[in-house]
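Following: one structure in structure tokens, then a few remarks.
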Amino acid sequence: MCTEKTINGIIQQHAEENWQKLQGSDYPAEWLNQHQNAITEILGLSPFVAEVALTKPDVFTRIVMHQWHKQVDIDQVCSEFTARLAETDSEEKLLAALRLFRAEQMAALAWRDLTNRQTIQTSLSQTSKLADTLIMAAYNWLYQAHSARYGVPQGPDGPQPMLILGMGKLGGKELNFSSDIDLIFSYPYKGETDHPRKPIENQQFFTKLAQRLIAALNKTTPLGQVFRVDMRLRPFGDSGPLVAHFGALEDYYQDQGRQWERYAMIKARILNPASHYASQLEAILAPFIYRRYLDFTTIDAIRDMKRLISKELRRRRLTGNIKLGAGGIREVEFFAQSFQLIHGGRETTLQSRELQPVLNRLAELQIIEPQAISQLLKDYYFLRKAEHTLQQFNDEQTQLLPDSNWTQAVIAKVMAFTDYQAFLSTLTAVMERVHEQFNQLVSEPGDEQQEQDSLFSRCKDAWLLNVSEHEFCDLLSDTLDESSALALFEQLRDFKGQLSRHRIGQRGEDTLAKLMPEMIYYMLRQCPTDITLLLPRLISVIGAITGRTTYLDLLHENPDVLKQLIKLCARSAWITEQIRSFPLLLDELLTPLYLQQQQTSLPVVYDEYSDELRQNLLRVEPEDTELLMEQWRQFKLCQQLRIAASDISGSLPIAKVSDKLTVLAEVLLQAVFKSAWQQLTDKFGVPSHLQQDETGFLVVGYGKLGGYELGYGSDLDLVFIHNAPQDSETSGAKKVSAQHFYIKLAQRIMHLLNTRTLSGQLYEADLRLRPSGNSGLLCCHLTGFEHYQEQEAWTWEHQALVRARSILGDEPLLEAFKQVRNRVLQRQRELPSLAEEVVKMRLKMRDHLLDNQASGLDLKQCEGGITDIEFMVQFWVLGYSHQFPALTQWPDNLRIIEHVQQAGLISKTAAENLQSAYLTLRDHYHQLTLAGEKFAHSNEELEAVRTLVTTQWQQTFNQP
Numbered sequence: 006m007c008t009e010k011t012i013n014g015i016i017q018q019h020a021e022e023n024w025q026k027l028q029g030s031d032y033p034a035e036w037l038n039q040h041q042n043a044i045t046e047i048l049g050l051s052p053f054v055a056e057v058a059l060t061k062p063d064v065f066t067r068i069v070m071h072q073w074h075k076q077v078d079i080d081q082v083c084s085e086f087t088a089r090l091a092e093t094d095s096e097e098k099l100l101a102a103l104r105l106f107r108a109e110q111m112a113a114l115a116w117r118d119l120t121n122r123q124t125i126q127t128s129l130s131q132t133s134k135l136a137d138t139l140i141m142a143a144y145n146w147l148y149q150a151h152s153a154r155y156g157v158p159q160g161p162d163g164p165q166p167m168l169i170l171g172m173g174k175l176g177g178k179e180l181n182f183s184s185d186i187d188l189i190f191s192y193p194y195k196g197e198t199d200h201p202r203k204p205i206e207n208q209q210f211f212t213k214l215a216q217r218l219i220a221a222l223n224k225t226t227p228l229g230q231v232f233r234v235d236m237r238l239r240p241f242g243d244s245g246p247l248v249a250h251f252g253a254l255e256d257y258y259q260d261q262g263r264q265w266e267r268y269a270m271i272k273a274r275i276l277n278p279a280s281h282y283a284s285q286l287e288a289i290l291a292p293f294i295y296r297r298y299l300d301f302t303t304i305d306a307i308r309d310m311k312r313l314i315s316k317e318l319r320r321r322r323l324t325g326n327i328k329l330g331a332g333g334i335r336e337v338e339f340f341a342q343s344f345q346l347i348h349g350g351r352e353t354t355l356q357s358r359e360l361q362p363v364l365n366r367l368a369e370l371q372i373i374e375p376q377a378i379s380q381l382l383k384d385y386y387f388l389r390k391a392e393h394t395l396q397q398f399n400d401e402q403t404q405l406l407p408d409s410n411w412t413q414a415v416i417a418k419v420m421a422f423t424d425y426q427a428f429l430s431t432l433t434a435v436m437e438r439v440h441e442q443f444n445q446l447v448s449e450p451g452d453e454q455q456e457q458d459s460l461f462s463r464c465k466d467a468w469l470l471n472v473s474e475h476e477f478c479d480l481l482s483d484t485l486d487e488s489s490a491l492a493l494f495e496q497l498r499d500f501k502g503q504l505s506r507h508r509i510g511q512r513g514e515d516t517l518a519k520l521m522p523e524m525i526y527y528m529l530r531q532c533p534t535d536i537t538l539l540l541p542r543l544i545s546v547i548g549a550i551t552g553r554t555t556y557l558d559l560l561h562e563n564p565d566v567l568k569q570l571i572k573l574c575a576r577s578a579w580i581t582e583q584i585r586s587f588p589l590l591l592d593e594l595l596t597p598l599y600l601q602q603q604q605t606s607l608p609v610v611y612d613e614y615s616d617e618l619r620q621n622l623l624r625v626e627p628e629d630t631e632l633l634m635e636q637w638r639q640f641k642l643c644q645q646l647r648i649a650a651s652d653i654s655g656s657l658p659i660a661k662v663s664d665k666l667t668v669l670a671e672v673l674l675q676a677v678f679k680s681a682w683q684q685l686t687d688k689f690g691v692p693s694h695l696q697q698d699e700t701g702f703l704v705v706g707y708g709k710l711g712g713y714e715l716g717y718g719s720d721l722d723l724v725f726i727h728n729a730p731q732d733s734e735t736s737g738a739k740k741v742s743a744q745h746f747y748i749k750l751a752q753r754i755m756h757l758l759n760t761r762t763l764s765g766q767l768y769e770a771d772l773r774l775r776p777s778g779n780s781g782l783l784c785c786h787l788t789g790f791e792h793y794q795e796q797e798a799w800t801w802e803h804q805a806l807v808r809a810r811s812i813l814g815d816e817p818l819l820e821a822f823k824q825v826r827n828r829v830l831q832r833q834r835e836l837p838s839l840a841e842e843v844v845k846m847r848l849k850m851r852d853h854l855l856d857n858q859a860s861g862l863d864l865k866q867c868e869g870g871i872t873d874i875e876f877m878v879q880f881w882v883l884g885y886s887h888q889f890p891a892l893t894q895w896p897d898n899l900r901i902i903e904h905v906q907q908a909g910l911i912s913k914t915a916a917e918n919l920q921s922a923y924l925t926l927r928d929h930y931h932q933l934t935l936a937g938e939k940f941a942h943s944n945e946e947l948e949a950v951r952t953l954v955t956t957q958w959q960q961t962f963n964q965p
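Next comes the structure, spelled out in structure tokens:
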């Protein structure tokens, strides 16, 4: 760690090394000597500026000659650049000019900042001004070029512009030094261009323009990159159109706009010059952002967003992060924007995109103490200066405290500290003050202390005092019988022994000393009869988080969370194990959504899951595969817990449990496919036979996924199909055949699904049902799939096809697969031989999978069990769908049984009994999973169900 003695020495050493490199370059020696003092001052502070000096001498010379390293008239510089750019005669030159101007002015800005020649407020304003200039200059040039080619887009008022919304810090004119930019594009009206021969629709024009603008800014060339462009804040995120007209934008925010989008829109700023179109767009957005009345949904939304921030702190352990960590920049911004959402509708002076005016106005309105605001602003700008210094060191988008001595030396010097440790001490104090303000924002409802009755006092004594067995039993004699109290004593004694062998630190010990009496107290109040079964489960969870004091704090500070944990652990060993393995699930107990009325419409559930996943991924770069995989898994774990908790609480029937688990898998498969597709097309390009937005790829779900019957921990049976012509190849610089591309795509999807990360596997995916099984291609052509099913497939493979359906893919492929499936299943078969094969396969499966030595019933494999029903359904489809094509309409057993009855193959009573039996068996099977057990204990209900199923089996296959 840097000290006062070493800071200047480290900086001087690197300055001299870079100075020697400059002396060996093409710069005139006389010129270098003339400006040596100024140049060496920056060479030791920023490898980024040193790199500009070495690789872009013309740029660096301009900086020095214009003395931009001392001060700059940013408006004049930007105006001159815009005028020069308008004269550029090719897109290639446009991209070069943008990058050179960015390098020139950002290097000069870093120079001024690192030598403390301007305030951080000035720096933030200049960075934002440069971004505005680069974006709009590129837009104006490309708009003219596209208009010359396609015609000018027209509306009722004449030519139409594309309006560009800058979001986040760009919108607030507080842009980071090295930052991505969040943009939203819109245009006024539908219509078409005025091209005399080939006009195109305005939507098409602006989409093409938006794509080129993103490329102009985002593309990395030998001269670098202008900005990383992020479009995920637009309506519907990545799945929405790149550009939307005003009407579509208004409809979206009125009908579907989320609370977090209101929060994001506070910073939205139109980058285009003022116009009646800009005023029109602002009039559309303002009512969505600011409500004239204060409703409780706003308070709840702020509370939810605050919880999400706290949850992220716990999950990602964001120590050393001055933006996202506890007390970081994000918490100041959230503090200000929360008050804007609450009060901005009535107090219009709070409707500012910039942070400082908002905080000052909060003080003027006496909403927050002026002294607190003054301190918060000082702390905010301290953090922003530290952030800029970190990023200006190497032009990197980072907010992490540095490890290297050089960076530590620079940040200490620039922040005016004698050593790095002094900087850290001040930073810690700053972030603690900010976090304290953040914690006071919107208190949690219903926080309550445990009742201070005699039982709680005795629970404290039972845990904290070194009592004997007899004394322990006596303390709890009013609540527990002697045998239960003795068992509890032994379990707690053993747990104390475990704790003594692990160092958890003083803070952890202090929190545990408060938490354990509370846990024992609530456990005795809620579940006194199950305590000897329950306590080991709770101890397993507590034991897993003793090294994570934030989770111990969570349980101690939120009694309702502790009560929910006790309730869930009492009901389910499976849920206990999930929480023990993945403590991040404790955050779900803060807002137990499973206690609310459940949405069961599959399209609505799909949209809800998709939207929540999209929100979770907004801060994840699409290229960060490792973090994406972790976020997918955490999302699945959280949703799965909600479903399981709803299941055991009785608020979801068994069929709806499976529906939700299935839809969850579909949403995650869509996300995985999208990521895999992006990775493969970035590397190889797109297969040449595809039209725009086509993938030529189909994911087919078999088994429980295909039949909407996924359970907890179910694997996914998948088959991948493509439609590429034999001579098709990819369009990238590194060309491969389309068939090879799709095989690699399949491999990538399987990797993303099956890889085990800190949060486990996403799904265990299985491709063994593909043509030729494990010896077949990972991804086969549709005609090859059809040929195999028609000519080579075994009967059991046709049985599997009954429960197959398309999960995602292009519409033509979806329809083509459906036709292939129908043709194969509806083929006429000899009933006697089919029945013989099905029965033979069922008996073979039972002999192989049924454990006759088991202590209970295997509800899947036993006689009269789940698999018997599935085999009967498959027999009816294969045997009779040539007469009754409706039998192949659905892949799930319940609806197929309904069609079997409608075809007259079984009576209505038999169908209803069979459906009821199937649901009963599956419900018991789900409950076994939640209880952490494999086998059921026979009872009258199960025996009656098995008898009914066995009787139907005998009637179906004419067996005695």
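If you count the sequence shown from 1, you need to add 5 to reach the numbering used here.
Heads up, the beta-carbon is just placed ideally off N, CA and C, and yes, glycines get one too.
In its chain, beyond the 5 residues on either side, LEU99, ALA102 and TRP146 have a beta carbon closer than 7 Å to the beta carbon of THR93. Leaving aside the five residues that flank THR403 on each side, the residues in its chain whose CB is nearer than 8 Å to its CB run, in chain order, SER183, LEU395 and GLN396. In summary, ASP722 is buried, with 16 or more beta-carbon neighbours lying within 10 Å of its beta-carbon over all protein chains present. Pairing ILE871 with LEU919 gives a Cβ-Cβ distance that is not under 8 Å.
Between LEU642 and LEU590, the C-beta gap is smaller than 8 Å, which places the two residues in contact. For LEU538, there is no enclosing beta strand (DSSP E); the enclosing alpha helix (DSSP H) has its first and last residue at 536-550. GLY242 and THR198 do not touch by the CB rule: their CB atoms are close to 28 Å apart, not below 8 Å. Three or more Cβ pairs closer than 8 Å define a contact, and the region 167-183 meets that threshold against the region 121-133.
Taking the C-beta atoms as reference points, GLN126 is found nearer than 8 Å to TYR386.
The alpha carbon of GLN804 has as its nearest neighbour, out of PHE822, ALA908, VAL844 and LEU813, the alpha carbon of VAL844. The continuous beta strand (DSSP E) containing LEU188 extends over residues 185-192.
Taking PHE876 as reference, the option from PRO776, GLU835, TRP801 and LEU286 with the minimal CA-CA separation is TRP801. Among the bridge pairs identified by DSSP, SER811 is matched with VAL705. Fewer than three Cβ pairs drawn from the region 728-736 and the region 757-766 lie within less than 8 Å of each other, which leaves the two stretches out of contact. Annotated three-state conformation of LEU657 is coil, per DSSP. Here HIS561 is buried: its Cβ has 16 or more other Cβ atoms, across all protein chains shown, within 10 Å.
Considered as a whole, the region 111-163 harbours no complete run of any beta strand (DSSP E) with no fewer than 3 residues. In this structure, DSSP gives GLY171 an extended state, which the three-state scheme calls strand.
In terms of CA proximity to CYS785, GLN752 leads the group GLN752, LYS272 and VAL807.
Inclusion of CYS574 and PRO522 in the CB contact set at 8 Å is not warranted, their separation being larger than that value. GLU671 is positioned such that its CB atom lies closer than 8 Å to that of TYR611. Spanning the alpha carbons of ILE544 and PHE500 requires a straight line of approximately 7 Å. Under the three-pair Cβ rule at 8 Å, the region 708-722 does not count as touching the region 681-694. Judged by DSSP in its simplified three-state form, PRO407 adopts coil rather than helix or strand. From the listed residues PHE889, ARG847, ALA34 and ALA55, the smallest Cα separation to GLU21 is found for ALA55. Bridge partners of ALA249 according to DSSP: SER191. DSSP places CYS785 in the uninterrupted beta strand (DSSP E) bounded by 784-786. Taking the Cα positions, MET270 is about 14 Å away from ALA341. VAL724: not part of any alpha helix (DSSP H); member of the beta strand (DSSP E) spanning 721-727, first to last residue.
Rounded to whole angstroms, SER742 and PRO817 show a C-alpha spacing of 22 Å. The three-state secondary structure of ALA941, taken from DSSP, is strand. Under the three-state reduction of DSSP output, PRO896 falls in the coil class, being neither helix nor strand. Counting along the chain, no beta strand (DSSP E) covers ARG296, and no H or E run does either.
Cβ contact annotation for GLN906 (same chain, cutoff 6 Å, sequence separation greater than five): LYS913 and ALA916, in chain order. Listed in chain order, the alpha helix (DSSP H) runs fully inside the region 849-878 amount to none, counting runs of at least 4 residues. Going by beta carbons, ALA649 and LEU935 fall inside the 8 Å limit.
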